[in-house]
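Residue numbering for the sequence shown follows the numbering used here, starting at 166 and increasing by one per position.
Note that the Cβ used here is the ideal one computed from N, Cα and C, for glycine as well.
Report on the following structure.
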Amino acid sequence: MKTYTCTCGQLLFFENCACVSCSREVGFLPDLICASSLDPVKDGLYSPTATEAKGRLYRKCANYAQNAVCNWMIPSENPDSFCVSCRLDDVIPDQSVPQNVALWTLTEAAKRRLIYSYLRLKLPLANRVDDPQRGLGFRFLADTTNPDGTINHVMTEHNEGLITLNIIEADDGAREKIRLGMKEPYRTLLGHFRHETGHYYWDRLVKDSKFLEPCRTLFGDDRQSYDDAMKKYYADGAPANWQENFISAYATMHPWEDWAESWAHYLHIQDTLEVAADFGLVGKRIKIDPKGNAEGKGASLAAKPFEQVLDAWAELTIALNSINRSMGLRDLYPFILSQPVIDKLHFISDVIAGSDDSQSPAIQ
């Protein structure tokens with residue numbers, strides 16, 4: 166995730182709603198994939214100062230203007246009240262519960278980082294209103310307590326394009342307790358989004374496509390019983406040597422989970438290297454951009470061997486882990502990339518690059 170610059174010269178970050186130097190309001194322009202300081206015009210419209218806007222006018226997403234849980238903008242000619250990210254919401258948490266508002270705010274912030282990645286990768290990103298058959302949707306729900314004291318637990322899952330997420334995952338303490346209980350090295354809200362949407366994009370990009378059989382060769386046969394695989398995993402756990410072939414223990418459960426875990430990891434690498442390049446921590450010429458969209462003086466993955474990208478990733482993560490250890494913290498990157506895992510990541514890059522599934526409708 167890159168940084169941007171206010172018209173006054175101050176650095177702007179992705180989540181900013183205002184410039185800390187000149188106090189101008191700030192908004193993210195998803196159609197241009199950039200953040201910009203804003204000059205108010207009239208009738209709730211704003212003129213972005215970013216040169217990419219070329220004089221176009223925008224208004225705030227309703228969740229920006231009314232609820233302060235978003236900072237994305239909508240082109241003035243677009244009649245929608247919500248931005249491209251918020252339009253993906255099918256259900257939001259009960260706002261009468263104060264805790265839900267805070268957790269929803271964190272959840273939406275993580276989702277916007279996810280959607281940014283998919284905009285950058287030019288992946289199909291229709292909502293379920295515009296594309297009822299293949300659209301993507303989110304249900305953000307909280308556990309509820311019945312009159313008898315029993316609890317209705319919300320399970321985080323994907324089901325034919327509809328992703329349900331328990332907003333307790335936005336609570337750092339609760340999520341860490343779950344992570345420790347499940348003996349996971351890594352568990353984040355953004356990681357959940359990346360994993361669950363990995364299932365969605367398997368349906369969009371792999372299922373019934375030219376990639377299906379090669380995918381089965383790498384990840385295994387997805388036709389095996391998911392229920393049986395799940396029962397076996399939770400009864401027996403992962404095999405002792407799982408790190409030789411999988412990115413995580415959970416990936417060993419079923420080929421679909423191996424794909425989703427690997428997909429999420431691909432996005433971890435893609436986004437982190439973008440940040441590192443923006444801050445000069447890796448070579449500006451190392452980018453993961455499988456569709457070949459060169460930026461400035463950089464070169465895309467189309468011009469760089471995948472192995473070279475992974476070399477940059479290895480150098481960066483070793484440094485990040487060493488920094489964390491010097492602060493007395495656990496490793497930021499507790500993963501091992503074996504050759505089979507690298508092959509899977511490379512395949513995902515090829516799927517994204519070679520997909521003929523286009524965005525519909527146009528992102529605004």
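For Tyr498, the closest alpha carbon among the candidates Ala484, Lys509, His511, Asp508 is that of Ala484.
With a threshold of 16 other beta carbon atoms within 10 Å, Ile501 falls short and is exposed.
Within the stretch 201-239, the runs of alpha helix (DSSP H) that reach at least 4 residues and sit entirely inside it are, in chain order, 227-230. Positions of the alpha helix (DSSP H) runs, each at least 4 residues long and wholly inside the stretch 364-397, are given as 377-384 in order along the chain. Residue Ala518 holds the alpha-carbon nearest to the alpha-carbon of Phe471 among Tyr366, Ala518, Leu284.
DSSP places Asp436 in the uninterrupted alpha helix (DSSP H) bounded by 420-443.
Looking at the DSSP output, Glu273 bridges to nothing. In the DSSP annotation of this structure, His318 is not part of any beta strand (DSSP E), being labelled neither H nor E. Counting the other CB atoms within 10 Å of its CB gives Ser250 a total of 16 or more, which places it among the buried residues. With contacts defined by Cβ atoms closer than 7 Å, Cys199 and Ala183 do not form a contacting pair.
As DSSP reads the structure, Arg304 sits in a beta bridge with Val256, Thr329.
Out of Ala291, Phe247, Arg352, the CA that lies nearest to the CA of Ala429 is found in Arg352. Straight-line measurement puts the Cα of Val191 at about 33 Å from the Cα of His323. The beta carbon of Ala394 sits closer than 6 Å to the beta carbons of Met418, His419 from its chain, once the five residues preceding and following it are set aside; these are given in chain order.
For Phe305, the closest of Ala335, Cys187, Pro505, Leu494 by C-alpha to C-alpha distance is Ala335.
Given a length threshold of 4 residues, each whole run of the alpha helix (DSSP H) inside the stretch 486-526 is given here in chain order: 504-519. With 16 or more other Cβ atoms from the protein chains shown falling within 10 Å of its own Cβ, Asp436 counts as buried. Distances from the alpha-carbon of His433 to those of Glu480, His360, Trp421 put His360 closest. When Cβ pairs closer than 8 Å are counted between the two stretches, the stretch 269-287 is seen to touch the stretch 234-253, the count reaching three or more.
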